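Residue numbers (the working numbering): 12 to 317. Glycine included, every Cβ here is placed at the ideal spot set by N, Cα and C. Since this is a predicted model, take the numbers as computed values, not measurements. These notes are about the structure you will find just below.
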């Protein structure tokens with residue numbers, strides 16, 4: 012019987028590793044790092060050599076820190092690798108250099124696994140998990156999942172904080188783009204023919220957890236996910252964060268959000284704000300749990316009999 016698993020989530024900007032206890036469903040160890048895998052992807056369609064080297068270094072560091080056999084890790088990668096034209100070659104290189112075999116998952120599977128983690132997290136936090144709308148803002152894609160009891164519907168939107176920032180930095184009209192995306196999301200929600208008032212708004216990933224942390228007086232170095240989990244944020248909290256970043260220098264912002272996130276955080280908040288408005292919601296419950304937890308839990312459910 013498998014009692015432990017190591018799961019890896021290689022996203023467009025972040026690299027997240029988890030060692031998980033399948034018997035007691037608890038985290039044993041974890042490692043998070045910004046690797047900027049999607050840097051330059053918008054322009055070239057490629058995962059750059061520099062980004063590949065950062066990922067390889069991060070994997071080797073995580074092996075030392077968490078102590079695991081790389082070839083046995085359950086590893087997934089998402090939007091950046093889905094978009095890159097050299098993904099097959101890159102993943103082969105990762106395997107030869109580190110022993111890790113990555114599986115590219117589509118938006119539907121990404122949503123299913125993230126939803127699995129969030130359901131477990133809501134139960135752990137003693138929050139009603141029957142009806143909720145889940146938002147997962149990634150680096151290269153944004154997932155919106157509607158969960159109604161045991162049924163769910165998901166949609167993966169082709170934008171994220173990294174890709175949208177890179178477009179914006181090239182004189183892209185961010186305001187107009189967000190307005191169009193808001194209409195697309197409203198249209199999608201309307202097509203589901205539901206009353207969104209009946210659904211709790213839940214958000215995971217770096218932008219919501221950063222806002223929750225700042226609201227609670229934490230920064231990147233004092234971040235405590237046990238305290239963050241279950242925190243409610245509202246539109247005023249988003250506005251306050253935007254003001255803080257506007258009036259802070261790069262070093263001050265880095266202390267709040269961590270290295271490798273400074274240039275993306277404002278766009279992340281504007282995406283979050285836009286989705287609040289598209290869903291006509293005033294507050295959102297924030298959870299730290301996401302894809303890597305879902306990958307681990309899914310593996311445990313399929314391979315552990317307990």
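* Let me know the secondary structure DSSP gives residue 14 once reduced to three states. => coil
* To do: Using alpha carbons as the reference points, say which of 293, 162 and 134 lies closest to residue 240.
  => Of the candidates 293, 162 and 134, the one whose C-alpha sits nearest the C-alpha of residue 240 is 134.
* Let me know if residue 84 comes out buried or exposed under the rule of 16 or more other beta-carbons within 10 Å of its beta-carbon. => buried
* To do: State the DSSP-derived secondary structure class of residue 104, mapped to helix, strand or coil.
  => helix
* What span of residues does the beta strand (DSSP E) with residue 164 cover, start to end? -> Its beta strand (DSSP E) spans residues 162-168.
* Identity of the residue in 24, 100 and 65 nearest residue 91 by Cα -> 24
* What span of residues does the beta strand (DSSP E) with residue 214 cover, start to end? -> 211-215
* Ignore the nearest five residues each way along the sequence and tell me which others in residue 136's own chain have a CB closer than 8 Å to its CB. => Hits under 8 Å: 240, 241 and 298.
* Asked: Can you name, in chain order, every residue of its own chain whose Cβ lies under 8 Å from the Cβ of residue 99, other than the five neighbours on each side?
  -> Nothing listed; no residue qualifies.
* With C-beta atoms as the reference, is residue 47 less than 9 Å away from residue 94? -> no
* **Spatial distance of residue 285 from residue 214 (CA atoms)** => Going from the Cα of residue 285 to the Cα of residue 214 covers about 13 Å.
* If you pair each beta-carbon of the stretch 151-171 with each one of the stretch 33-43, do three or more pairs fall below 8 Å? -> no
* To do: Answer yes or no: do residue 132 and residue 112 have a C-beta to C-beta separation smaller than 9 Å?
  => no
* **Own chain, CB closer than 8 Å to residue 238, minus 5 neighbours either side, in chain order** => 227 and 229
* Taking residue 256 as part of the alpha helix (DSSP H), name the residues at either end of that continuous run. => Taken as a continuous stretch (DSSP letters only), the alpha helix (DSSP H) holding residue 256 covers 246-257.
* Determine the direct distance from the alpha carbon of residue 140 to that of residue 130, and round the result to whole angstroms. => 6 Å
* To do: Out of 300, 273 and 288, state which residue places its alpha-carbon closest to the alpha-carbon of residue 45.
  => Comparing alpha-carbon positions, the option among 300, 273 and 288 lying closest to residue 45 turns out to be 273.
* Report the option in 245, 40 and 16 whose CA atom is closest to the CA atom of residue 292. => 245
* Cβ atoms of residue 289 and residue 174: under 9 Å apart, would you say? -> If you check the CB distance, residue 174 and residue 289 do not come in under 9 Å.
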